[in-house]
Amino acid sequence: MRSLIFLTLLALISSTLALVIQVNTKKGMIHINETFFDAPSSDCPNEEPNKCPYRRACYCRPPMHTYMRLKGYFYSPEHNRCFKSENMDVKGCNTFKKWQECFSKCVYGKRPGMKKTDSRKKKI
């Protein structure tokens, strides 16, 4: 009898956990870890987006505002993806009006990264 009660309780707990996980991921909300936006503030002149350095602009923290309801896209270095946001300031180094623009400039394989040293160089 005790094993039946234990199994019933275990099934209840596991179904509750599965429901909580499903509810949290259902809306597609993500939480952005700001430590991945590691470009120095000197490389992110958000008030003058024409002066953003090409390679580091994708690592600037996008300027978010809660009072503006402008739609735009920003790149997340943590996820290597472009995400849509509905409360963005359209001025900034890591802000884009179109998803295609964000993807072509920032996603790995599409933008030139920092030069890597090749450790397999031939020795003469």
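Heads up: the sequence shown is residues -18 to -1, 1 to 106, going by mature numbering (1 follows the signal peptide of the UniProt record, and there is no 0).
Ideal Cβ placement from N, Cα and C applies to all residues, glycine included.
Small disclaimer: the values here were computed from a predicted structure and weren't measured.
Between the beta-carbon of residue i and the beta-carbon of residue j, is there less than 8 Å?
i: Tyr55; j: Cys75; result: no
i: Glu60; j: Asn28; result: no
i: Cys26; j: Cys64; result: no
i: Glu68; j: Lys80; result: no
Since residue i contacts residue j with CB under 8 Å, what's their CB separation in whole angstroms?
i: Phe19; j: Cys42; result: 6 Å
i: Thr77; j: Pro35; result: Not a contact, Cβ separation roughly 15 Å.
Per DSSP, what kind of secondary structure is residue i in: helix, strand or coil?
i: Glu30; result: coil
i: Cys75; result: coil
i: Lys80; result: coil
i: Glu60; result: coil
i: Tyr90; result: coil
i: Phe(-13); result: helix
i: Tyr36; result: coil
i: Phe85; result: helix
i: Phe18; result: helix
Buried or exposed: which applies to residue i, given that a residue is buried once 16 or more other Cβ atoms fall within 10 Å of its Cβ?
i: Ser(-4); result: exposed
i: Ala(-8); result: exposed
i: Tyr57; result: buried
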